[in-house]
Structures are given as structure tokens and as C-alpha cells.
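The structure appears below as C-alpha cells.
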Amino acid sequence: MDVSLFDFDLPAERIALRPAEPRDSARMMVVREDGDVAHARIRDLPKFLRAGDLVVVNDSKVVRARLRARRPARGAGDGAAIEILLHKRLAPDRFLVFARPARRLASGDTLNFHGTFVARVAAPRDGGEIELAFDIAGAELDQAISRYGEMPLPPYIANRRAGDARDMTDYQTMFASHEGSVAAPTAGLHFTPALLAGLDAAGIGCERLTLHVGAGTFLPVTANDTACHRMHGEWARLSAESAARIRAARQAGGRIVAVGTTSLRTLETSASDDGAVREFEGETDLFITPGYRFKAVDVLLTNFHLPRSTLFMLACAFSGIESMKRAYALAIEEVYRFYSYGDACLLFRPTA
């Protein structure tokens, strides 16, 4: 499909730089099955669901994946300053990373991190990735990353303000328990204990899965056709016990409500053609665009996404391109807040 179909203009002032306080006070645009739109708050979520529905959240935890290093000088003067964004662990001492500026790195270069540990550029890869081999490994490397790393705020926030201590908590969901993400599963940022209690009181259950969000989520779609875009693989896990409870809820007539595109992609990856969700552990590079036949998810809670992004394409696949373009135009007009710290939309699968 032509990527330009997923473009739209967004005023910069619509980009949220801080989350709503409290989190469940964020606005929620509801796009019903027939395309009608309602305006609500995240705390109203139980009112739009029904007893027996099952909410599925991602419990991945964001790691301090942004690191700063220096490459030794080539000639007079200091070496180049390099910013590293960890992407995927390959071994106890190796990561795939994105580097900025990547053009200043070549195979064999050594990067010095705060005069404490170093890494060697093992190999550049396609898609802008670079493989780094560190001189420390395992728990020692994890501790160094935790000490010297920074919270990897998305570029549309980091380019407008510096990260601070608030982001260390603001950019984690209340479910965060398994370290591995370099970006937050942002729909989950809206949840609070009060919202969970409200769901429980309404007879709506909650299940967890894990998908470690990779740095590829920050990358724009540069191809002109979606068929030419490469999705980076991300590690995901859905336990046998959770899969069984999801199947039971569906068989009893409940709807499966994915909290975020990461939960949806994990559920759809784990589902067979008949819609039955099974235990899954491994990588998924599922790229969902209009025309995809959804098997496992009935309702999607998701934030407002970037134009031309794989996330907006997924939302369009779920609710229809024209429906989503109308919803986004209305969101801009009604001053909804966009992106990671912004508001959300609750999408129901169209009836026609």
C-alpha cells in the first residue's frame, strides 16, 4: 500500500510532553462499531466494556537504554561524541544498537562509556543497526547500563525538553515487571489501581503478557510502499496459563481487549486461524496493515500515533483508514494530546 495514505498534518502543540495527572484522567476517544464517536476519560473504560470481557496488558519494563560514549580521536582533538540506543541483546556481552551519528563509526572502532567500560563495533548491519561487543557481560553489564543509562524518551519528546527524574516513573506502566523494553507500551501508561478496581467491580478481568518493545518503534517508515518496509523483530511471551484464560473468556462470550499495539501484535502472533490463542515465546515481526484479518482481538485501546508510522497503520487496519483519518482530524480539532504521554482512543471492530 502507498505509505502516503497514512499521512496527516499534526500541529506541534498537540504533542504531549508530560502525562495527565492522575493517569486515568487522560481523555479517551471512543470509536464504536458503527463509526460513531464518543468522548470520555480513561477512568470511564469500564462503562464501555461489559462483564466477561478481558483486558490484556503488556508487563514489559523500560530499561535505561540510551547511553553516551566517545570514540577515540582520529588525529588531533577529542573523539566524536556518540549516542547509543540499545535495541536487542544478542549475548551476555553483545547488543544490537542504533548509533547517532552512525556515519562516524566503522567496524573495529572502540567506544568509551564514562571511562568505565568500553565496547567494540563488531559489525554494521542493514537498517541502521550496529552490533556492539562490550568488555563486560551479564549482570555486570546490566548494572553499568542501569547506572549510566538514561530513560529512552521518544525523539518527539527528547528533542523538545530534557529528560528528568519524573520520567523515570512517568515512562513506566504500573504493570512493568520484566526488563527489556527500550520504549514504553504507552497505552498501559494510563492505568491506575483505581481503574483496575473499577474493571474488577464491573466483572472485567485482566491478563498479562510480555513484549519487549524495540528501538524500531522510533523508526519512520521511509519506503513508499508498505510492502518494502522491514519490521524489526521483538521478543514476546504469552504463558500457557494466560492463553488458557483468554480462550476461556472468548468461549464464554467475552471480548478480548488489547491494551496497546504491543499486546495486540502478541495476541495475533499467538493465535491460530480459528482465533484460538496459544502459548507463545519467541520473536514477532508481525506488520499489520489494512486488509489483515484479525483473529484474536475484538477491542483496542491505543494512543494517538505518528503519521506514516506502523502503529497508525495498525489502527487503520483495525478500524478502517477513513474512520481513523476522521477520528484523528476530530482529535486535532478537539485538542486531544498525541503520542506517548498523550490521550487514547478505544477502538471497536467495525460491524461492516
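According to our numbering, the stretch in the sequence shown is residues 59 to 410, in order. Positions of the beta carbon are idealized from the N, C-alpha and C atoms, including for glycine.
Enumerate in chain order the residues of its own chain whose CB-to-CB distance from residue i is below 8 Å, with the five nearest sequence positions on each side excluded.
| i | result |
| --- | --- |
| residue 367 | 64, 278 and 279 |
| residue 379 | 63, 64 and 348 |
Helix, strand or coil for residue i? Go by DSSP, reduced to three states.
| i | result |
| --- | --- |
| residue 165 | coil |
| residue 82 | helix |
| residue 87 | strand |
| residue 144 | strand |
| residue 236 | strand |
| residue 392 | coil |
| residue 263 | strand |
| residue 340 | strand |
| residue 353 | coil |
| residue 441 | Residue numbering for the chain in the displayed model covers 59 to 410; residue 441 lies beyond these limits and cannot be assessed. |
| residue 322 | helix |
| residue 384 | helix |
| residue 379 | helix |
| residue 66 | coil |
| residue 126 | strand |
| residue 366 | coil |
| residue 202 | helix |
| residue 219 | coil |
| residue 329 | strand |
Please name the residue, chosen from the options, that lies closest to residue i on a Cα-to-Cα basis.
| i | options | result |
| --- | --- | --- |
| residue 287 | 319, 238 and 347 | 347 |
| residue 210 | 174, 274 and 260 | 274 |
| residue 320 | 305, 116 and 174 | 116 |
| residue 239 | 364, 294 and 69 | 294 |
| residue 192 | 343, 177, 353 and 79 | 177 |
| residue 350 | 340, 374 and 248 | 374 |
| residue 215 | 102, 228 and 91 | 228 |
| residue 104 | 153, 331, 254 and 236 | 254 |
| residue 152 | 174, 197, 335 and 303 | 197 |
| residue 77 | 383, 404, 405 and 225 | 225 |
| residue 145 | 124, 167 and 138 | 124 |
| residue 19 | 296, 137, 260 and 259 | Since the first residue shown for the chain is 59 and the last is 410, residue 19 is missing from the structure and cannot be characterised. |
| residue 175 | 147, 206 and 156 | 206 |
| residue 336 | 354, 344, 160 and 345 | 354 |
| residue 222 | 230, 404 and 208 | 208 |
| residue 392 | 98, 80 and 59 | 98 |
| residue 260 | 102, 201 and 179 | 102 |
| residue 339 | 218, 298 and 219 | 298 |
| residue 147 | 220, 173, 237 and 218 | 237 |
Measuring CB to CB, does residue i end up less than 8 Å from residue j?
| i | j | result |
| --- | --- | --- |
| residue 437 | residue 290 | Since the first residue shown for the chain is 59 and the last is 410, residue 437 is missing from the structure and cannot be characterised. |
| residue 73 | residue 86 | no |
| residue 120 | residue 241 | yes |
| residue 313 | residue 356 | yes |
| residue 169 | residue 129 | yes |
| residue 203 | residue 122 | yes |
| residue 66 | residue 386 | yes |
| residue 358 | residue 325 | no |
| residue 361 | residue 400 | yes |
| residue 108 | residue 140 | no |
| residue 96 | residue 248 | no |
| residue 263 | residue 195 | no |
| residue 118 | residue 251 | no |
| residue 91 | residue 327 | no |
| residue 93 | residue 381 | yes |
| residue 88 | residue 377 | no |
| residue 292 | residue 342 | yes |
| residue 160 | residue 142 | no |
| residue 370 | residue 363 | yes |
| residue 285 | residue 61 | no |
| residue 171 | residue 404 | no |
Could you name the residues of the same chain whose beta carbon sits closer than 7 Å to that of residue i, not counting the 5 residues immediately before and after it, in chain order?
| i | result |
| --- | --- |
| residue 181 | 165 and 189 |
| residue 68 | 365, 390 and 396 |
| residue 300 | 265, 266 and 267 |
| residue 402 | 84, 86, 100, 245, 248, 359, 360 and 361 |
| residue 305 | 334 and 335 |
Given 7 Å as the limit, tell me if residue i has its C-beta closer than that to any heavy atom belonging to the ligand PLP.
| i | result |
| --- | --- |
| residue 381 | Although the ligand PLP was asked about, the structure shown includes no ligands whatsoever. |
DSSP puts residue i in a beta bridge; with which residues?
| i | result |
| --- | --- |
| residue 256 | None, per the DSSP bridge assignment. |
| residue 405 | 89 and 358 |
| residue 269 | 294 |
| residue 60 | 283 |
| residue 190 | 153 and 179 |
| residue 103 | DSSP lists no partner for residue 103. |
| residue 113 | 264 and 315 |
| residue 346 | Residue 346 pairs with nothing; no bridge assigned. |
| residue 73 | 396 |
Quick one: residues in its chain with C-beta nearer than 6 Å to the C-beta of residue i, no 5 flanking neighbours on either side, listed in chain order?
| i | result |
| --- | --- |
| residue 234 | 119 |
| residue 187 | 154 |
| residue 329 | 335, 353 and 354 |
| residue 256 | 104 |
| residue 138 | 129 and 162 |
| residue 167 | 129 and 179 |
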